[in-house]
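Have a look at the structure below before the remarks.
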Amino acid sequence: MLSKLPHLNKSDLLEILSSRFESEKKLSQIPNPALLHDAPKAAKRIAHAINNAQKITLVGDYDVDGVSSTAIMVDFFRQIPYPLTTIIPNRFHDGYGVSPSVLDRVETDLIITVDNGISAIEAADICKQRGIDLIITDHHTPGDKLPDAYAIVDPKLSSCEYPFKEICGAEVAWLLLALLKKELSLSIDMRQFLDILAIAIIADIMPLIDINRTLVKEGLKLLQNSPRPASIIIRDFLNKSSITSEDIAFQIAPRINSAGRLEDASIALDFFTAQDTHTAYKQFELLGQLNELRKETEAQTTKEAIACVREEDAVIVVAGEEWHEGVVGIAASRLVDRFEKPAIVLSINEESAKGSARSIGNISIYELIKENEHLLTKFGGHKMAAGLGLSSKMIETFRKAINKSASNLPAKDFIPLESITGIFETEEIDNELLNILDRFEPYGEANVRPTFFLHDAEVISIKLMGSDKSHSRIEIRQYPHQRKTIELIAFRTVFEMPPNRKISCSYSITKNEFNGRITPQLLIKKIYDAI
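Written out as structure tokens, the structure is:
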């Protein structure tokens, strides 16, 4: 396949990128939120609660999407103004979403969930018994049985007529609030929330097409000048003339996520909802410290997980005593990258285990797990990622069962979906090329940044970077006749000089901004063995 790649110049690339989009949607073309199943009913019930001074409780989730959804709700209710009790369940004490343990400490008339609830069967029954109306807003795939709730707003419901299904939890919440605004005849500008909304869409790896592309583009623009204290801190931290989706994905989202992973997501919520820059800065500093701790914890867990892998298995299932459950999802992603197989990493705590699954290629990890859900105590997720829980003594049975299920799948489904655009002449990599790439931002899921291929480039020198020397800066020459050399950066890779002093790899081109100077930066995606 690699030998048949086309040789590209700038005009070829421009043509390829232009063909990805028929037309750009405007904000005014976002489909009517009333098309979301139960959304008008939910908006009316919330308006009734506000008009009748009823107590409203919001239950969020501890990942970036869940915290963003909660922050948008908190900000909106502040502007009504109306009191809103907010709970983001603690990963370690409460588990995921609206649960019996969360309901134990709630006295309220109405509960609204954001980014969770579609599998909350037991919690819905408890709400019913206690006379609490439950409005579920979620975007996860529904199971065979739905909770008995007052209203369920989820684009993935078979009865939902919303034309674009691939939206995140924060988008569902934002669309519902647009209906509530109308119901209460408020003058709140819904565009003011697009900075947080864009962060949620990017962090939850939503496809950057259709309305998602529009919302992220507008949200990143807003992030550049929003008066929101959290946005001021983000742009000061990034210190760039323009913020990209990749800046959010790699530098901001992990920090926001670290709170829920290691401690409590309220730290991230307090950052997003801070009403002055001093508070926002303090919370962001705390998130930075937690993120450093997350990196250390994740590296140790990944190292131990690698040692447990059975390389003959089609689906990796590993488990460890007291592995930090806040980093098992990242460890699973690292195993997928290393072994090119779906991976499930479980943290054992006495007689129970819970963890995360990540997939590869065209394998639906959700369907594989669903086929074996009789062995589990709980599970949920989507095609490429899932969470699950089971009894510790069932781990080995589950490992064998899921591998048996996977044995029926075609081998081609396990091939990583790395799409290489072509071979680009390195002498053409300049600021004009950066301008072409800029035109098709934001890049992400379903609009991937173009990836190029280098074949047998000559390695001139290697320098290790970072405080722990775990990243490599590789100076190369694409062709022997060239005088000019270029640098490639390989993160989380200690690259050693090959015996033949050659490298074949795929890479992407991004913008490096330092001291006001903009230069192209080549980031290695995958290093290939001798081809």
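Numbering (the working numbering), first residue to last: 17 to 547.
Backbone N, C-alpha and C fix where the C-beta goes; we use that ideal spot for every residue, glycine too.
These figures come from a predicted structure and were not determined experimentally.
In the DSSP assignment, Phe507 falls outside any alpha helix (DSSP H), carrying neither H nor E.
DSSP lists Ser522 as the beta-bridge partner residues of Phe469. The residue among Val510, Asp545, Phe430, Ala59 with its C-alpha nearest the C-alpha of Ser522 is Asp545.
By the 16-neighbour rule on beta-carbons within 10 angstroms, Val510 is exposed. Its Cα nearest to that of Glu199, the residue His64 stands out among His64, Ser435, Val344, Asp252.
At a Cβ-Cβ threshold of 7 Å, Pro49 and Leu195 count as neighbours. Annotation: the continuous alpha helix (DSSP H) that includes Glu312 extends over 293-324. In the DSSP secondary-structure assignment, Met481 is bridged to His487. The alpha carbon of Phe414 has as its nearest neighbour, out of Val333, Glu341, Tyr297, the alpha carbon of Val333. For Ala246, there is no enclosing beta strand (DSSP E); the enclosing alpha helix (DSSP H) has its first and last residue at 245-254.
Contiguous beta strand (DSSP E) elements confined to the segment 391-451 occur at 394-397, 401-407, taking only those with 3 or more residues. Cys184 counts as buried, since no fewer than 16 other beta carbons sit within 10 angstroms of its beta carbon. With a 10 Å radius around the Cβ and a threshold of 16 neighbouring Cβ atoms, His155 comes out buried. Here the alpha carbons of Asn132 and Asp79 stand approximately 11 Å from one another. Annotation: Ala347 to Pro97 spans about 42 Å, alpha carbon to alpha carbon. The residues Ile127, Ala140, Cys143, Ala165, Tyr166, in chain order, have a CB closer than 7 Å to that of Leu150 in the same chain once the five nearest residues on each side in sequence are set aside. Taking 8 Å as the upper bound for CB-CB distance, Arg107 and Gly371 are not in contact here, some 12 Å apart. With respect to Ile168, Asp77 sits apart: the two C-beta atoms are not nearer than 7 Å.
Non-local C-beta neighbours of Lys428 in its own chain, meaning closer than 6 Å and more than five positions away in sequence, are absent. Phe395 and Leu404 do touch by the CB rule: their CB atoms are close to 4 Å apart, below 8 Å.
Residue range 332-337 is occupied by the beta strand (DSSP E) that includes Glu337.
Residue range 368-374 is occupied by the beta strand (DSSP E) that includes Lys370. For Lys237, the enclosing alpha helix (DSSP H) stretches over residues 226-239.
A straight-line Cα-Cα distance of about 28 Å links Ala401 and Glu234. When the beta-carbon positions are compared, Lys256 and Glu529 come within less than 7 Å of each other. In this structure, the beta-carbon distance from Ile259 to Ala296 does not fall below 7 Å. Per DSSP, Glu138 has no beta-bridge partner at all. The three-state secondary structure of Gly345, taken from DSSP, is helix.
In this structure the segment 78-95 lies against the segment 269-289, because at least three pairs of beta carbons, one per stretch, are closer than 8 Å. Using a Cβ distance threshold of 7 Å, Gly460 and Ile218 count as a contacting pair. Pairing Pro536 with Ile525 gives a Cβ-Cβ distance under 7 Å. Judged by DSSP secondary structure, Gln95 falls within the alpha helix (DSSP H) whose first and last residues are 80-95. Pairing Lys41 with Met222, the inter-Cα distance amounts to about 16 Å. Under the three-state reduction of DSSP, Asp54 is assigned to coil, being neither helix nor strand. Secondary structure of Pro496 (DSSP, three-state): coil. Of the candidates Phe456, Leu450, Gln240, Val122, Phe456 places its Cα closest to the Cα of Ser35.
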